[in-house]
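Residue numbers (our numbering): 3 to 157. All residues carry an ideal CB built from backbone N, CA and C; glycine is no exception. Every value quoted in this text rests on a predicted model; they were computed, and no experiment measured them. Structure record follows, encoded as structure tokens.
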Ligand SMILES: [Mg+2]
């Protein structure tokens with residue numbers, strides 16, 4: 003399998019909003035080093051291997067995209083900018099609804115077959131729906147990490 007595109011979920015895959023989804027936080031957000039705090043002092047952090055994984059994919063010229071079904075897309079986009087990771091992704095599909103829609107948009111706009119995509123997500127409903135399209139869908143248990151990533155893309 004040649005991997006053309008890696009697609010990441012946000013909540014509990016790339017970041018942890020102190021145990022909740024980002025649509026349960028309270029903007030405005032403020033950045034404190036590697037940490038973002040919301041107005042209630044809830045901390046939002048990227049899992050520790052995330053930046054290294056994104057940089058690795060960029061170096062290998064593997065395209066990356068986001069697929070999130072958050073109820074607050076503008077909050078998620080603010081967090082992406084505050085973490086300064088927006089430039090890693092060629093497409094961001096961030097809105098509620100089945101991720102089948104998100105992947106149809108990715109396939110259509112990027113002209114990449116589902117069979118050449120790998121998807122990381124922490125929810126079985128998304129893994130099932132997107133996996134049924136023919137995407138290699140990888141269940142993330144406690145945030146994306148290097149070991150899981152490398153075995154999934156068979157490095
Ligand atoms: Mg998630």
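Cross-strand partners of residue i (DSSP beta bridge)
{"i": "residue 33", "result": "38"}
{"i": "residue 141", "result": "123"}
{"i": "residue 93", "result": "67"}
{"i": "residue 9", "result": "67, 121"}
{"i": "residue 45", "result": "39"}
Proximity below 9 Å, CB of residue i to CB of residue j
{"i": "residue 123", "j": "residue 101", "result": "yes"}
{"i": "residue 88", "j": "residue 112", "result": "no"}
{"i": "residue 64", "j": "residue 146", "result": "no"}
{"i": "residue 140", "j": "residue 129", "result": "yes"}
{"i": "residue 91", "j": "residue 132", "result": "no"}
{"i": "residue 31", "j": "residue 40", "result": "yes"}
{"i": "residue 66", "j": "residue 9", "result": "yes"}
{"i": "residue 118", "j": "residue 4", "result": "yes"}
{"i": "residue 96", "j": "residue 72", "result": "yes"}
{"i": "residue 11", "j": "residue 83", "result": "no"}
{"i": "residue 151", "j": "residue 53", "result": "no"}
{"i": "residue 13", "j": "residue 148", "result": "no"}
Ligand 1 heavy atom lying under 8 Å from the CB of residue i
{"i": "residue 77", "result": "no"}
{"i": "residue 108", "result": "no"}
{"i": "residue 13", "result": "yes"}
{"i": "residue 131", "result": "no"}
{"i": "residue 148", "result": "no"}
{"i": "residue 123", "result": "yes"}
Through-space distance from residue j to residue i, alpha-carbon basis
{"i": "residue 36", "j": "residue 17", "result": "12 Å"}
{"i": "residue 22", "j": "residue 28", "result": "11 Å"}
{"i": "residue 80", "j": "residue 34", "result": "15 Å"}
{"i": "residue 99", "j": "residue 62", "result": "31 Å"}
{"i": "residue 78", "j": "residue 70", "result": "9 Å"}
{"i": "residue 24", "j": "residue 75", "result": "9 Å"}
{"i": "residue 107", "j": "residue 115", "result": "12 Å"}
{"i": "residue 59", "j": "residue 144", "result": "20 Å"}
{"i": "residue 103", "j": "residue 15", "result": "19 Å"}
{"i": "residue 160", "j": "residue 48", "result": "Any answer about residue 160 is impossible in this case: the structure gives the chain only from 3 up to 157."}
Checklist entry - Does the stretch 33-52 come close enough to the stretch 127-137 that 3 or more CB-CB pairs lie under 8 Å? => result When Cβ pairs closer than 8 Å are counted between the two stretches, the stretch 127-137 is seen not to touch the stretch 33-52, the count staying below three.
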